[in-house]
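Trainee: Okay, handing you the structure first.
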Amino acid sequence: MYLPGNASRARVREAENARRNRAEILKAWSQGQVSRRDLFKMGLFTAAGAIVLKNGLSPFARSAYADDSSIPTGLPRSPLFGVQPFTQPMPRFDVLPRNPVSALSPAPTAQANTTRQPLNTALEGVRPGDTGPIEGRPPGPIWAHQGFSQFSPSISIYATTEGAKVNSVYNPGVASAFNSGIVASTPFPPRFHPNLPDQGPLAFWTFNGTFPPKLMQVRYGEPVLFRNRNKLPYSVTQNGGFGRHTTSIHEHNGHHGAENDGFTGAYFFPGQFYDYHYPIVLAGWRNFNAAASDPRAGSPADNGGINKVPGDWHETMSTHWFHDHMFSFTSQNVYKGMAGMFNIYSALDRGNEAINDGVNLRLPSGTAKAWGNLEYDVNLMLADKAWDAQGQLAFDIFQTDGFLGDQMTVNLVYKPYFEVERRKYRFRILNGAVARFFKISLSDGSPMIQIANDGNLLPSPVVVTQLDQQGIAERYDVVIDFSRYSVGQKVWMVNLLEHRDGTMPEGTVSLAQALSGNSSDPCVGKFLEFRIVRNPATPDVSQVPAVMIPNPDLSKIPVARQRTFVFGDSADQTTNDPVTSFRGPWGIGTDDGHKLDADFGRISAAPKYGTREIWTLQNDGGGWDHPIHIHFEEGQILARNGSASSVPAWERGRKDVYRLRPDGSVTVSLQFRDWGGMFMEHCHNTTHEDNAMLLRWEIDDNGAPFLQPLPTPIPKPQGVTFEPPTEILGSGSRS
Ligand SMILES: [Cu+2]
1337 MYLPGNASRA RVREAENARR NRAEILKAWS QGQVSRRDLF KMGLFTAAGA
1387 IVLKNGLSPF ARSAYADDSS IPTGLPRSPL FGVQPFTQPM PRFDVLPRNP
1437 VSALSPAPTA QANTTRQPLN TALEGVRPGD TGPIEGRPPG PIWAHQGFSQ
1487 FSPSISIYAT TEGAKVNSVY NPGVASAFNS GIVASTPFPP RFHPNLPDQG
1537 PLAFWTFNGT FPPKLMQVRY GEPVLFRNRN KLPYSVTQNG GFGRHTTSIH
1587 EHNGHHGAEN DGFTGAYFFP GQFYDYHYPI VLAGWRNFNA AASDPRAGSP
1637 ADNGGINKVP GDWHETMSTH WFHDHMFSFT SQNVYKGMAG MFNIYSALDR
1687 GNEAINDGVN LRLPSGTAKA WGNLEYDVNL MLADKAWDAQ GQLAFDIFQT
1737 DGFLGDQMTV NLVYKPYFEV ERRKYRFRIL NGAVARFFKI SLSDGSPMIQ
1787 IANDGNLLPS PVVVTQLDQQ GIAERYDVVI DFSRYSVGQK VWMVNLLEHR
1837 DGTMPEGTVS LAQALSGNSS DPCVGKFLEF RIVRNPATPD VSQVPAVMIP
1887 NPDLSKIPVA RQRTFVFGDS ADQTTNDPVT SFRGPWGIGT DDGHKLDADF
1937 GRISAAPKYG TREIWTLQND GGGWDHPIHI HFEEGQILAR NGSASSVPAW
1987 ERGRKDVYRL RPDGSVTVSL QFRDWGGMFM EHCHNTTHED NAMLLRWEID
2037 DNGAPFLQPL PTPIPKPQGV TFEPPTEILG SGSRS
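Right under this line is the structure:
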């Protein structure tokens, strides 16, 4: 889709004109001046939702300048301003401070704080003199924090969302020697490379407005109050051409009450905050190990011991991330920078490799602190980006198949290097792209040990020389042993997976082909350089045990219900609510397989509280892949394409994102317990999600305050109102 580097000037100009035209339309839509429906009426989308093949508009329309008449217009490449790869250090994540709850003013409350404040008249629909609540969480008992007194917050974490600015409080959590020499006290500008332009405050929107991306470090048994304040521009038109200033923050895949899940329709406005209460409990805590007697179900104590907690230790989770989930704008907002990572520490996964108590797995991390050491435990966020001729972040909504960038970034910077010692490291690799899948290998083809898939340590580690395809939002934790290299050597992480468009990966190239740099996909090849710089000061005592976290035993839990969800295109919309319903080519079929566009007012499933169900996720097309995310509960994959033996070793733990593969299906076992409210299921190719492959399911039968069915929140700056569901599908009712 991107033009080759040697394309003629006429072709580049043609592609630039087309992109500019699309950008004008995207701007009008993202700023609310035209609706998606208007764009259909204007004939800019086909019935199937793809942009019309108009020369001067579509990257897929025939080029007027190419010799071969089948060659599409393409996209102009992002200019590099002479920057070479691997010429800047990779910044470690910026650790958000853990504060006492008393640091928050006003103090957090169980129900949303509805204290009124004057509203800025630049907000949509606000007249002079209007007031609105200071907190954007829907008011009342249904959206009150569940278990707020039982799991009363013991720490608070605060972050804003705001436009790009210089970071003067960067905390990598490690000394400079473990951050490739970066001096954290030096102000950190918002840019992909020191020789690329700074990103402007309208181009990039991040947590705290700064680079590098943010990391929350939390532990079981220590409830967290995360307050997020929306400091994005009041005017919906101040968005640099894409992105929406309303947000909802999802802690992916937190086992929290729905009021803290970042529901796509529970978004809030600039000038408001939203308190997310993360109790950080082990699933099953209400009736499994309720007396908290098993040390494997535990929280790392500050003295190196274990504070036991209730719940099933087999449900222990480790690597999460958090990101915006704004209805129909998630792809734009996450791409614009609203993504961070969330490391959960436990008795098993302590973040300390030296403590030898028979419970701690002693994975590579460090030894200085009792828990949460980051020296040898490294978060990596991979994302493909694109920028315009001025070097400012650029996006293109009209690739409804899925937006692809042409430049690889790691932790938001362009192709960096990372200095390592001759020993084992853990890397928590997040695919933070919009629509791109990755497949990772080392440049010398040497082995990596995969220890976790999504949030979960595997039952046993798996040694591979190439990781599986990694879909959007999937996390793969790997251990790489650099002791096999000598000081002064280099080795690279390489992407082997070619995309032609956002439908699905085109195919895997050989390591030699990827290293040759000849792929037509500019994101294939080396993207991260490891420089082996020294021997460790003390011997590496970390381990990768042969047994990590076996799966929970489900054999005695009856299956209450089976459901099938079909994911595909040519969906239609049966509702017309201007706030909750949306149109696009994509949809999900429940019940009878009739595929429906997203409506967060529609209830598509309502599993009974306290039960186990089996869900089959079916891809109805061979030309697509969809990484499907089910919120709230970890699932065990029982079968791929109906066959248990088709589930690869690295998918035999628990997961929260399921790549369906072309024409494929995934059968998953899930339990619905501990908390209630409205949750989601959607494609995490965020272009598909936004266009409109998303549904709502809910647990609404756990007694007061939950109603059957739950009313839908309708956010406005003056306050959230509620309306009845627009539709309840047969599978969403309990009869
Ligand atoms: Cu999809």
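Residue numbers (my numbering): 1337 to 2071.
Idealized CB from N, CA, C, for every residue including glycine.
(1) Considering only residues of the same chain and omitting the five flanking positions on each side of Arg1356, which have a CB-CB separation below 6 Å?
(2) Ligand 1 and Glu1859: does any heavy atom of the ligand fall closer than 7 Å to the residue's C-beta?
(3) Quick one: what's got a C-beta closer than 6 Å to Ser1406's C-beta in the same chain, skipping five residues either side?
(4) Ligand 1 and Met2029: does the residue's C-beta get closer than 7 Å to at least one heavy atom of that ligand?
(5) Under the three-state reduction of DSSP, which class applies to Trp1621: helix, strand or coil?
(6) Using a Cβ-Cβ cut-off of 6 Å (strictly less than) and excluding sequence neighbours within five positions of Val1983, which residues of its own chain qualify?
(7) Identify which residue in Arg1565, Asp1724 and Trp1922 has its Cα closest to the Cα of Arg1349.
(8) With burial defined as no fewer than 16 other Cβ atoms inside 10 Å of the residue's Cβ, what is the status of Gln1367: buried or exposed?
(9) Please list, following the chain, all residues that have a C-beta closer than 5 Å to any non-hydrogen atom of ligand 1.
(10) Thinking C-alpha only, which one of Ile2035, Val1883, Ser1891 and Leu2006 is nearest Ser1940?
(11) Between Arg1632 and Leu1684, which are expected to be in contact by the criterion C-beta below 8 Å, what is the C-beta distance as a whole number of angstroms?
(12) Could you check whether Tyr1612 and Phe1604 sit closer than 8 Å to each other, using their CB atoms as the reference points?
(13) Is it true that the CB of Asp1804 sits closer than 8 Å to the CB of Glu1834?
(14) Are Asp2026 and Ser1667 touching if we call contact CB-CB under 8 Å?
(15) Cutting at 6 Å between CB atoms, please list the residues of its own chain near Phe1638, excluding the five before and the five after it.
(16) Please report the straight-line C-alpha distance between Ser2071 and Pro2047, rounded to a whole angstrom.
(17) Which partner residues does Met1829 have in the DSSP bridge list?
(18) Can you tell me where the alpha helix (DSSP H) with Lys1567 in it begins and where it stops?
(19) Rounded to the nearest angstrom, what separates Gln1825 and Tyr1812 at their Cα positions?
(20) With burial defined as no fewer than 16 other Cβ atoms inside 10 Å of the residue's Cβ, what is the status of Glu1595: buried or exposed?
(21) Could you check the C-alpha separation between Thr1457 and Gly2055 for me, to the nearest Å?
(22) Let's test the definition: count the other Cβ atoms within 10 Å of the Cβ of Asn1679 and tell me whether it reaches 16, buried, or not, exposed.
(23) Using a Cβ-Cβ cut-off of 6 Å (strictly less than) and excluding sequence neighbours within five positions of Trp1960, which residues of its own chain qualify?
(24) Counting C-beta neighbours from all protein chains within 10 Å, is the total for Lys1892 16 or more, i.e. buried, or is it exposed?
(25) In angstroms, rounded to a whole number, what distance separates the CA positions of Thr1582 and Thr1916?
(26) Can you tell me the Cα-Cα spacing of Gly1687 and Leu1710, whole angstroms?
(27) With DSSP as the reference, please indicate the residues paired to Gln1806 in a beta bridge.
(28) Near Glu1651, which residues of its chain fall below 7 Å by C-beta distance, leaving aside the five closest residues on each side in sequence?
(29) Under a Cβ-count criterion, where at least 16 other Cβ atoms within 10 Å of its own Cβ denotes burial, should Val1895 be classed as buried or exposed?
(30) Could you tell me which whole beta strand (DSSP E) segments of length 3 or greater appear in the segment 1499 to 1559?
(31) Any idea what DSSP makes of His1650, helix, strand or coil?
(32) Mark Asp1693 as exposed unless 16 or more other C-beta atoms lie within 10 angstroms of its C-beta, in which case mark it buried.
(33) If you count every other CB in all the chains shown that lies within 10 Å of the CB of Thr1874, and 16 or more means buried, which is it?
(34) For Pro1886, which residues in the same chain have their Cβ closer than 7 Å to its Cβ, ignoring the five residues on either side in sequence?
(35) Provide the residue span of the alpha helix (DSSP H) that contains Gln2024, from first to last.
(36) In chain order, which continuous runs of the beta strand (DSSP E) of length 3 or greater are located wholly inside the segment 1968 to 2007?
Mentor: The relevant details are as follows:
(1) Answer for Arg1356: no residue qualifies.
(2) Inspection of the sequence shows that residue 1859 is occupied by Cys rather than by Glu. Checking the Cβ of Cys1859 against ligand 1 gives no.
(3) Confidence in Ser1406 is poor, its pLDDT being 46 and thus under 50, which makes the residue's placement too unreliable to answer from.
(4) Correct: Met2029 has its Cβ closer than 7 Å to ligand 1.
(5) Three-state DSSP puts Trp1621 in coil, outside helix and strand.
(6) Result list for Val1983: Ile1973 and Arg1976, in chain order.
(7) Of Arg1565, Asp1724 and Trp1922, the residue nearest in Cα terms is Asp1724.
(8) Looking at its Cβ environment, which holds 16 or more other Cβ atoms inside 10 Å, Gln1367 is buried.
(9) Those residues are His1962, Cys2019, Asn2021 and His2024, given in chain order.
(10) Checked all of Ile2035, Val1883, Ser1891 and Leu2006; the closest Cα to Ser1940 is Ile2035.
(11) In this structure Arg1632 is in contact with Leu1684, their Cβ atoms being roughly 6 Å apart against a cut-off of 8 Å.
(12) Judged by their CB atoms, Phe1604 and Tyr1612 are not nearer to each other than the 8 Å cut-off.
(13) No, the Cβ-Cβ distance between Glu1834 and Asp1804 is not below 8 Å.
(14) In this structure, Asp2026 sits near Ser1667, with a CB-CB distance shorter than 8 Å.
(15) Checking the sequence shown, residue 1638 turns out to be Asp, not Phe. Cβ-Cβ distances below 6 Å link Asp1638 to Ala1706 in the same chain, with the five nearest sequence neighbours on each side left out; the list follows chain order.
(16) With a pLDDT of only 47 at Ser2071, under 50, the local geometry of the prediction cannot be trusted, and the value read off the model is given with reservation. Straight across, the Cα-Cα distance linking Ser2071 with Pro2047 is about 19 Å.
(17) In the DSSP secondary-structure assignment, Met1829 is bridged to Leu1778 and Leu1864.
(18) For Lys1567, no alpha helix (DSSP H) run applies, since DSSP gives it neither H nor E.
(19) Roughly 25 Å between the two C-alpha positions.
(20) Buried.
(21) Their Cα atoms are separated by approximately 15 Å.
(22) Around the beta carbon of Asn1679, 16 or more other beta carbons sit within 10 angstroms, so the residue counts as buried.
(23) For Trp1960, where only same-chain residues beyond five positions count, the Cβ hits under 6 Å are Thr1839 and Met1840.
(24) Around the CB of Lys1892, fewer than 16 other CB atoms lie within 10 Å, so the residue is classed as exposed.
(25) Distance from the CA of Thr1582 to the CA of Thr1916, rounded to the nearest whole angstrom, comes to 14 Å.
(26) If you draw a straight line from the Cα of Gly1687 to the Cα of Leu1710, it is about 7 Å long.
(27) Within the DSSP bridge table, the entry for Gln1806 names Phe1774 as partners.
(28) Excluding residues up to 5 positions away in sequence, Leu1618, Ala1619, Gly1620, Pro1888 and Glu1970 lie with their Cβ nearer than 7 Å to the Cβ of Glu1651 in the same chain.
(29) Exposed.
(30) Qualifying beta strand (DSSP E) stretches, in chain order: 1541 to 1543 and 1550 to 1555.
(31) In this structure, His1650 counts as helix in the three-state DSSP scheme.
(32) Counting of Cβ neighbours within 10 angstroms places Asp1693 among the exposed residues, the total staying below 16.
(33) The residue is exposed, with fewer than 16 neighbouring Cβ atoms inside 10 Å.
(34) Only His1650 and Pro1795 meet the Cβ criterion.
(35) Reading off the sequence, residue 2024 comes out as His, not Gln. Per DSSP, His2024 belongs to the alpha helix (DSSP H) from Thr2022 to Asp2026.
(36) 1971 to 1976 and 1993 to 1995, all fully within the segment 1968 to 2007.
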